[in-house]
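**Student:** Below: one structure in structure tokens.
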Amino acid sequence: MTERSPIVIVGTGLAGYSLAREIRKQDKETRIVMVTADDGVSYSKPMLSTGFTKGKDADGLAQAATATMAEQLNLELRTYTTVTGIDTDGHRLLLGDNSLTYSKLVLAWGADVIRLAIPGNGQEWIFPINDLGDYRAFRKALKPGSRVAIMGAGLIGCEFANDLRNGDYEVEVIAPSDAVMPSLLPSAAASAVQTELESLGVGFHLETTVERIEPAGTGVSLFLANGKTLQADIVISAVGLRPRTQLAHAAGIEVGRGITVNRALETSAQDVYALGDCAEVDGHVLLYVLPLMACARALAKSLTGDRTEVSYGTMPVMIKTPCCPAAVCPPPVDAQGSWETEQDGTDVKNLFKNTEGDVLGFAVTGRFALEKQALSKVVPPIHS
Ligand SMILES: Cc1cc2nc3c(=O)[nH]c(=O)nc-3n(C[C@H](O)[C@H](O)[C@H](O)COP(=O)(O)OP(=O)(O)OC[C@H]3O[C@@H](n4cnc5c(N)ncnc54)[C@H](O)[C@@H]3O)c2cc1C
0 MTERSPIVIV GTGLAGYSLA REIRKQDKET RIVMVTADDG VSYSKPMLST GFTKGKDADG
60 LAQAATATMA EQLNLELRTY TTVTGIDTDG HRLLLGDNSL TYSKLVLAWG ADVIRLAIPG
120 NGQEWIFPIN DLGDYRAFRK ALKPGSRVAI MGAGLIGCEF ANDLRNGDYE VEVIAPSDAV
180 MPSLLPSAAA SAVQTELESL GVGFHLETTV ERIEPAGTGV SLFLANGKTL QADIVISAVG
240 LRPRTQLAHA AGIEVGRGIT VNRALETSAQ DVYALGDCAE VDGHVLLYVL PLMACARALA
300 KSLTGDRTEV SYGTMPVMIK TPCCPAAVCP PPVDAQGSWE TEQDGTDVKN LFKNTEGDVL
360 GFAVTGRFAL EKQALSKVVP PIHS
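Under numbering that gives the first Met the number 0, the residues of the sequence shown are numbered 0 to 383, in order.
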């Protein structure tokens, strides 16, 4: 490491760019180099599941070109550059045959999509969508009137189901759970979202899995464990994400479910930090935008000389299913209590209360979704 080594940020997703922006609010001059495996185009990933609803294709969802970002943030951007290792003792980032010395290194390299090893010859019809490039490839493969099968009924599967129906595509959702978004929503709220998606024309095949995918005509046949066979022209895989930890682990950096960092976003290696989808912050793996923004604000202060710990407020998750607007703020994992339900059709207010009657979490759908801000003020933050 030399005196003039830059701060190096790996990843130009929301975590990397938010951090660079926050640093520039404090410090206009310190040299920053951003390294990314992709094209570095700035976009808001949550918008990927709103393309048809908002009438935008992949280019329409792009917010700023790479050169614009580099100029605005006064930094050097190395695109299509994949990090292959980290030499923590030498403060060097390994880039294949090249290397880059850093003064501080920030890992903001996101999460990998989980890929199911489904038997059959239909793999090329399966599209995971976790970045703008994935979305571009998906939209290119999608033809007018395509029948879309979505594997996974989590937040992303449900949002794509709603969006594709808004684009007038036939949509079938397949998932092993007995409800949609089982790890996020209590049953009344989940069933409200499912009911409204069904009214919109989405077909659900729950409590089953896809056992085999084989080419059939111009599309595929999906053979389900419950004995049914579905026909589709294209398949979205939305079965989950796994924080990218491998390279950090290989470099001797402590990892758990994500790259382990404390509330100052410090890894176990000196001068190496992590935030965003790749990080496990003080035990929390939160693959959402609000947590990474809070982390970016705190880390920018630390990197510019004022060591700061992240303080999460209450962070509700908005579910972008316009047919049934929904918001959820799950209770802490170790919270004792139970869900209470107030319901009028698919307008649901689920409150998670402890024995003292304190509200520790909520899930609201339909007209009750309007109460999300008021409820967010009542529930305790994840950790202050
Ligand atoms: C369809 C969809 C909808 C969503 N909706 C919401 C929502 O409504 N609300 C919400 O809060 N969250 C939502 N999320 C989650 C949210 O978008 C993510 O938490 C967030 O965008 C993650 O940002 P990130 O910068 O950590 O990772 P990413 O955006 O994945 O960025 C990772 C970056 O690292 C780079 N990279 C990876 N490996 C390497 C390497 N080895 N070398 C160099 N570069 C590398 C990549 O090229 C990329 O630039 C949604 C996610 C999806 C997929």
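Here a beta-carbon is modelled for each residue, glycine too, at the ideal position from N, C-alpha and C.
For Leu-369, is the classification buried or exposed, using 16 other Cβ atoms within 10 angstroms of its Cβ as the cut-off for buried?
**Tutor:** exposed
**Student:** Beta carbon of Tyr-42, beta carbon of Leu-60: below 8 Å?
**Tutor:** yes
**Student:** Should the stretch 225-235 be regarded as contacting the stretch 182-196, the criterion being three or more beta carbon pairs within less than 8 Å?
**Tutor:** no
**Student:** Out of curiosity, what's the CA-to-CA distance linking Gly-153 and Glu-355?
**Tutor:** 32 Å
**Student:** Any idea which residues DSSP pairs Trp-338 with across the strands?
**Tutor:** Phe-351
**Student:** Take the Cβ of Ile-113 as the centre, count every other Cβ of all protein chains shown within 10 Å, and call the residue buried at 16 or more, exposed below.
**Tutor:** Of the residues assessed, Ile-113 falls on the exposed side of the cut-off, its CB having fewer than 16 other CB atoms within 10 angstroms.
**Student:** Is DSSP giving Ser-383 helix, strand or coil here?
**Tutor:** A caution first: Ser-383 carries a pLDDT of 46, below 50, which makes its placement in the model too unreliable to give a value.
**Student:** So is the beta-carbon of Gly-344 under 7 Å away from any non-hydrogen atom of ligand 1?
**Tutor:** no
**Student:** Quick check: what's the CA-CA separation for Leu-289 versus Glu-21?
**Tutor:** 14 Å
**Student:** Taking the runs of the alpha helix (DSSP H) that are 4 residues or longer, which of them lie wholly in the stretch 178-243?
**Tutor:** 186-198
**Student:** Using DSSP's beta-bridge definition, name the partner residues of Thr-364.
**Tutor:** Ala-325
**Student:** If you run the structure through DSSP and keep just helix, strand and coil, what is Ile-117?
**Tutor:** coil
**Student:** Could I get the ranges of all uninterrupted beta strand (DSSP E) runs contained in the stretch 40-68, with 3 residues as the minimum, in chain order?
**Tutor:** 61-63
**Student:** Any heavy atom of ligand 1 closer than 7 Å to the Cβ of Asn-349?
**Tutor:** no
**Student:** Could you compute how far the alpha carbon of Leu-286 sits from the alpha carbon of Gly-344?
**Tutor:** 31 Å
**Student:** Below 8 Å between beta carbons: does that hold for Cys-323 and Val-234?
**Tutor:** No, the pair does not count as a contact, with Cβ atoms beyond the cut-off.
**Student:** Just to check my reading of the structure: Gly-312 and Pro-380 have Cβ atoms closer than 8 Å, yes? What is that Cβ distance to the nearest angstrom?
**Tutor:** With a Cβ gap of about 5 Å, Gly-312 and Pro-380 count as contacting.
**Student:** Please return the same chain residues whose Cβ sits closer than 6 Å to the Cβ of Ser-383, not counting the five positions on each side in sequence.
**Tutor:** Residue confidence is low: Ser-383 scores 46 on pLDDT, short of 50, so the model does not pin down where it sits. Its coordinate-derived value is still stated next. Ser-310, listed in sequence order.
**Student:** So what does DSSP say about Lys-142, is it helix, strand or coil?
**Tutor:** coil
**Student:** Compute the Euclidean distance between the alpha carbons of Gly-255 and Glu-279, then round it to the nearest angstrom.
**Tutor:** 7 Å
**Student:** Under the three-state reduction of DSSP, which class applies to Glu-308: helix, strand or coil?
**Tutor:** coil
**Student:** Pull up the distance between the alpha-carbon of His-248 and that of Thr-11, whole angstroms please.
**Tutor:** 21 Å
**Student:** Given Lys-158, which residues of its chain have a CB within under 8 Å of its CB, disregarding the five upstream and five downstream residues?
**Tutor:** A small fix is needed here, since residue 158 is Glu in this sequence, not Lys. Ser-48, Thr-49, Ile-318, Lys-319, Thr-320.
**Student:** So, with DSSP's three-state summary, where would you put Met-292?
**Tutor:** helix
**Student:** For Thr-259, verify whether its CB is less than 7 Å away from any heavy atom of ligand 1.
**Tutor:** Because no heavy atom of ligand 1 lies under 7 Å away, the Cβ of Thr-259 does not count as near it: no.
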